[in-house]
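Those sequence lines, one after another, are chains A and B. So for the first sequence, my numbering puts the first residue at 13; every next one is plus one. So for the second sequence, my numbering puts the first residue at 655; every next one is plus one. Notes for the one structure printed next.
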Amino acid sequence: KQEVTQIPAALSVPEGENLVLNCSFTDSAIYNLQWFRQDPGKGLTSLLLIQSSQREQTSGRLNASLDKSSGRSTLYIAASQPGDSATYLCAVRLARGTSYGKLTFGQGTILTVHP
Amino acid sequence: EAGVAQSPRYKIIEKRQSVAFWCNPISGHATLYWYQQILGQGPKLLIQFQNNGVVDDSQLPKDRFSAERLKGVDSTLKIQPAKLEDSAVYLCASSSMGGPSNEQFFGPGTRLTVL
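In structure tokens, the structure reads:
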């Protein structure tokens with residue numbers, strides 16, 4: 013059974029800092045990995061999707077890396093802003109077994125960026 | 655393009671009562687998902703529909719939860735009778751097809767509180 017763990021559970025930083033969110037998964041046979049953002053009272057917004065054959069994806073100030081063999085992904089946020097405050101979720105899709113193609117989520121990292 | 659719509663946004667009920675949630679997916683999306691997100695955890699898949707047929711309901715507590723997707727468009731999720739541990743956000747998502755390469759789009763969710 014795939015398990016996804018995110019560290020840290022919560023993070024509070026001053027505006028302007030660069031920060032790293034971590035995600036680890038137990039089964040390396042993944043199809044892809046996706047980072048989502050969740051704002052209070054709202055649904056999930058997809059930030060970056062990394063296919064299993066890729067090493068990283070970039071969008072603006074966000075960069076996500078994937079090391080499939082070690083079961084790890086990191087989300088790097090450059091020059092953080094108060095508007096980045098949200099919960100960040102990592103999710104993987106397995107490439108085999110009964111959970112093939114299903115999204116398995118981590119518990120999320122609550123990020124607070126204060127002015 | 656309109657996103658995934660859900661109603662109600664909030665619901666408060668007492669234990670042993672019944673409740674129903676409604677979801678309208680993105681137009682043309684064949685696959686619809688219901689997730690349960692308990693506070694402090696990532697979303698967990700409850701049921702997946704492909705058109706009006708059930709693809710996966712392995713994590714749906716069938717003694718109290720039921721879901722349907724008549725005509726392959728809108729869907730309802732029902733809980734009867736509700737328990738305290740059902741307090742959660744219920745997220746609906748849709749995708750054009752059900753495969754792992756098809757991105758899921760999430761609605762804003764329904765926050766259920768069971769007293």
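The beta carbon of each residue, even a glycine, is placed where N, CA and C say it ideally should be.
Of all Cβ atoms in chain B, is any one closer than 8 angstroms to the Cβ of GLN119/A? yes
Within its chain, find whatever has a CB closer than 7 angstroms to the CB of ASP740/B; leave out the 5 residues flanking it on each side and keep chain order. ILE733, LEU766, VAL768
Using 8 angstroms for Cβ pairs, my map puts THR86/A next to ASN34/A. What's the rounded Cβ distance? 6 angstroms
Would GLU739/B count as contacting chain A if we go by Cβ distances under 8 angstroms? no
Is there contact here, the stretch 43-63 of chain A with the stretch 89-108 of chain A, by at least three beta-carbon pairs under 8 angstroms? yes
Rounded C-alpha distance that separates GLU68/A from ASN706/B: 37 angstroms
Along the beta strand (DSSP E) that carries VAL104/A, what are the first and last residues, could you check? 98-106
Cross-chain neighbours of LYS54/A in chain B, by beta carbon under 7 angstroms: PRO762
Closer than 7 angstroms by beta-carbon distance: list the chain B residues that pair up with TYR43/A, in chain order. PRO754
Could you pull out every residue in the same chain whose Cβ sits closer than 6 angstroms to the Cβ of SER24/A, ignoring the five residues on either side in sequence? THR124
Count the other C-beta atoms from every protein chain shown that fall within 10 angstroms of the C-beta of ALA21/A, then say buried if there are 16 or more, exposed otherwise. exposed
By Cβ distance below 7 angstroms, which residues in the same chain neighbour SER40/A in space, the five residues on each side in sequence not counted? LYS80, SER81, GLY83
Taking the alpha-carbon positions, what's the ARG670/B to TYR744/B distance? 18 angstroms
Could you tell me if PRO127/A is buried or exposed, where buried requires 16 or more neighbouring beta carbons within 10 angstroms of its beta carbon? exposed
Residues near GLY28/A in its chain [Cβ-Cβ closer than 7 angstroms; skip 5 each side]: ALA91, SER92
Given a cut-off of 8 angstroms, decide if ASN30/A and ILE122/A are closer than it, judged by their beta-carbon atoms. no
Which residues, in order along the stretch 83-105 of chain A, keep a beta-carbon less than 9 angstroms from a beta-carbon of chain B? LEU101, CYS102, ALA103, ARG105
So, ILE680/B versus VAL708/B, is the Cβ gap smaller than 8 angstroms? no
THR685/B - partner residues in DSSP beta bridges: GLN704/B, SER749/B
Please classify PRO94/A: is it buried, with 16 or more other beta-carbons within 10 angstroms of its beta-carbon, or exposed? exposed
Just mark GLN656/B as buried or exposed, buried being the case when its beta carbon has 16 or more other beta carbons within 10 Å. Contrary to the premise, residue 656/B reads as Ala rather than Gln in this sequence. Exposed is the call here.
Any idea if TYR687/B is buried or exposed, counting beta-carbon neighbours within 10 angstroms, 16 or more meaning buried? buried
Interface residues of the stretch 713-746 of chain B facing chain A [CB-CB below 7 angstroms]: LEU745
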